[in-house]
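This report concerns only the one structure given below.
Protein chains: 2
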Amino acid sequence: MSDRRRTNGNSESVDNYLKAILTLGGPAETRVTSTALAERLEVAPASITNMLQKLAAAEKPLVEYERHRGVRLSSAGKKRALEVVRHHRLIETFLYEVLDYPIEEVHEEAERLEHFISERFEERIAAKLGHPKIDPHGHFIPTMEGHMPLQASVKLAEVVEGGTFVIDSVDDRDARTLKQLEANGIKVGAKLRLKPRTATEGYSVNIGRSAKALDLSREMAGDIRIVPAQK
Amino acid sequence: MSDRRRTNGNSESVDNYLKAILTLGGPAETRVTSTALAERLEVAPASITNMLQKLAAAEKPLVEYERHRGVRLSSAGKKRALEVVRHHRLIETFLYEVLDYPIEEVHEEAERLEHFISERFEERIAAKLGHPKIDPHGHFIPTMEGHMPLQASVKLAEVVEGGTFVIDSVDDRDARTLKQLEANGIKVGAKLRLKPRTATEGYSVNIGRSAKALDLSREMAGDIRIVPAQK
DNA sequence: CCTACCTATTAGGTATACCTAAATCGTTGA
DNA sequence: TCAACGATTTAGGTATACCTAATAGGTAGG
Ligand SMILES: [Mn+2]
Ligand SMILES: [Mn+2]
Ligand SMILES: [Mn+2]
Ligand SMILES: [Mn+2]
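Below, the structure written as structure tokens:
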């Protein structure tokens, strides 16, 4: 099967590069370095350079690449990246809602299947789920047209002032941490009181109306995004 | 992604070879020729020879191969082939029952996804469906342990005497023909009266209690399997 | 302003899974 | 028996997507 490409025409690898560039470039779509991609994709830097040159040289380039200056997505590349993200998040939602997966296991399965489902499959699970806008981790699901609102939340680990917050979303990539969060009642939509941070201290929070303070590991704090609670 | 292999360890290609050998070898597990595989998999004969030698030479061989004498599955190969068939048929059932796919579209999607789902996914859709034994085309779904009853039905195209029959199963690989069958009410479990065949004639049948005779194309007749009606 | 040092690219390889063209094997009919 | 023919295998390539080692580029501190 030399043509290990799906309906759309990109290989699984290419899809993963595009998604990584989308994520690492952030909403500002800043250029992404080879090293950053190498780390994210767990591939040697030399391999990254190779792939980027190939993607940039294609008839219909998926990225804009300048030697030694990093890459950004072309509009075709961005379109495809958002489509893959849509697949990923719809699949996660489906696995969680319909197939009763544990929250920490949806990501890995979605990471594989996102590349292989047809447009029909995408459409059918979206319909079955009532065209959801948010996945089980609190992330926006891009629309069929490739639109996605930008995230207003901030990383808990970066918040200094204390206060009451609502959990906006959690990172989905580390199953272990995600399971710990879940076990401590840290899930999307939950309320959380955060102690003001004093220099060296860790992160001490109260979940919901609990009086018991919970000390978050650095990992946990880094994987949680929050927004100020209403009023 | 040089390691384009799933949880289990075989590539998509290898899985497809194993499945083809299982099917072409039939219940008697006769040796399958390179040519037969080449046709089935739409791959050049030379490529078949290459792959068979690789599969036979592996530490844990998936096939028994003798130069110029064809291949058969080893017991490891058979185990994996049945697992892939189980995936395929569970996915088809799922697409049909849960996602409301048209019958003629389930096969193609299953053909891709069968290689990429996890054991958990397999288990969850099986549970959701109530551990079905038969897929939407009337084919047995191998059990988790790798058992599959053998098919008692015969090809309609090979039946000479007339009589009343029940449609046991239909071939799933040609979407066009399958759609035609469906459109004519030819579906699993339906009753069918077949005129005795006179030498050159085609296949004339009545579906259900219909008085209108239907002339089947060679294609259609070849894709239907039937069993004598009870009593 | 120039060297270290880190980043990135080039060069040269590997494995998988294909392909075409050129042998070679096996069987069968004269 | 044996030559011819079709089936099968061998030989030699391609494309994708990786890798390691060697080289070159950029920049920040002295
Ligand atoms: Mn995810
Ligand atoms: Mn992926
Ligand atoms: Mn099928
Ligand atoms: Mn398949």
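Protein chains in written order, with this note's numbering: chain X, 3 to 233; chain Z, 3 to 233.
Where a beta carbon is used, it is the ideal one built from N, C-alpha and C, also for glycine.
Residue range of the alpha helix (DSSP H) that includes residue 47 of chain X: 47-59
On the CB-based measure, 16 or more other CB atoms within 10 Å of its CB, does residue 126 of chain X come out buried or exposed? buried
Who sits around ligand 6, taking every residue whose Cβ is closer than 6 Å to one of its heavy atoms? Summarising the ligand content, the structure contains ligand 1, ligand 2, ligand 3 and ligand 4 and does not contain ligand 6.
For residue 32 of chain Z, name the three-state secondary structure that DSSP assigns. coil
Residue list, Cβ distance to ligand 3 heavy atoms smaller than 5 Å: Z:109, Z:174
Using a beta-carbon distance below 7 Å, is residue 101 of chain Z in contact with chain X? yes
Just grab the DSSP bridge partners of residue 166 of chain Z for me. Z:195
Could you tell me the alpha carbon to alpha carbon distance between residue 107 of chain X and residue 145 of chain X, rounded to whole angstroms? 24 Å
Report the neighbours of residue 130 of chain X on chain Z: residues whose CB is nearer than 7 Å to its CB, in chain order. 101
Counting only beta-carbon separations shorter than 7 Å, does residue 82 of chain X have a partner in chain Z? no
Backbone CA spacing between residue 213 of chain Z and residue 84 of chain X [nearest angstrom]: 54 Å
Near-chain Z residues of the segment 119-143 of chain X - C-beta to any C-beta below 8 Å: 119, 120, 122, 123, 126, 127, 130
Is there a Cβ from chain Z that is less than 7 Å from the Cβ of residue 94 of chain X? Not closer than 7 Å to any Cβ of chain Z, the Cβ of residue 94 of chain X fails to qualify, so no.
Report the rounded CA-to-CA distance for residue 100 of chain Z versus residue 131 of chain X, giving the unit in angstroms. 12 Å
Interface partners of residue 114 of chain X on chain Z, CB under 7 Å: 118
Which same chain residues end up closer than 8 Å to residue 216 of chain Z when comparing Cβ atoms and leaving out the 5 residues on each side of it in sequence? 186, 206, 207, 208, 209
Just checking my contact of residue 151 of chain Z with residue 94 of chain Z at CB under 8 Å: how many whole Å lie between their CB atoms? So it is not a contact: roughly 18 Å between Cβ atoms.
Can you name the residues that DSSP bridges to residue 83 of chain Z? Bridge partners of residue 83 of chain Z: none, in fact.
Residue 174 of chain X classed as buried or exposed, judged by whether at least 16 other C-beta atoms fall within 10 angstroms: With 16 or more other Cβ atoms within 10 Å, it is buried.
Determine the extent of the alpha helix (DSSP H) in which residue 154 of chain X is found, giving its start and end residues. Residue 154 of chain X -> no alpha helix (DSSP H), and no H or E assigned at all.
Neighbouring residues, chain X, relative to residue 107 of chain Z (Cβ below 9 Å): 120, 122
Element boundaries [alpha helix (DSSP H), containing residue 22 of chain X]: 14-27
Under 7 Å between C-beta atoms, does residue 111 of chain X make it to chain Z? yes
Count the other CB atoms, across all protein chains shown, that sit within 10 Å of the CB of residue 12 of chain Z; report buried if there are 16 or more and exposed otherwise. buried
Answer with yes or no whether the minimum CB distance from residue 5 of chain X to chain Z is below 7 Å. Low confidence applies to residue 5 of chain X: its pLDDT is 48, below 50, so where it sits in the model is not reliable, and the reading given next is rough at best. By this cut-off, residue 5 of chain X is not an interface position.
I believe residue 34 of chain X touches residue 74 of chain X by the beta-carbon criterion, under 8 Å. Please report the beta-carbon distance rounded to the nearest angstrom. 7 Å
I need the DSSP call for residue 190 of chain X, collapsed to helix, strand or coil. coil
If you reduce the DSSP assignment to three classes, tell me which class residue 217 of chain X lands in. strand
For residue 193 of chain Z, which residues from the same chain have a beta carbon less than 7 Å from its beta carbon, with the 5 sequence-adjacent residues on both sides left out? Counting only Cβ-Cβ distances below 7 Å, and skipping sequence neighbours, we find 166, 168, 210, 231.
Please classify residue 72 of chain X: does DSSP put it in a helix, a strand, or coil? strand
Is the CB-CB distance between residue 105 of chain Z and residue 155 of chain Z below 7 Å? no
Residue 55 of chain Z versus residue 61 of chain X - alpha carbon distance: 38 Å
If you follow the alpha helix (DSSP H) that residue 108 of chain Z is in, where does it begin and where does it stop? 108-115
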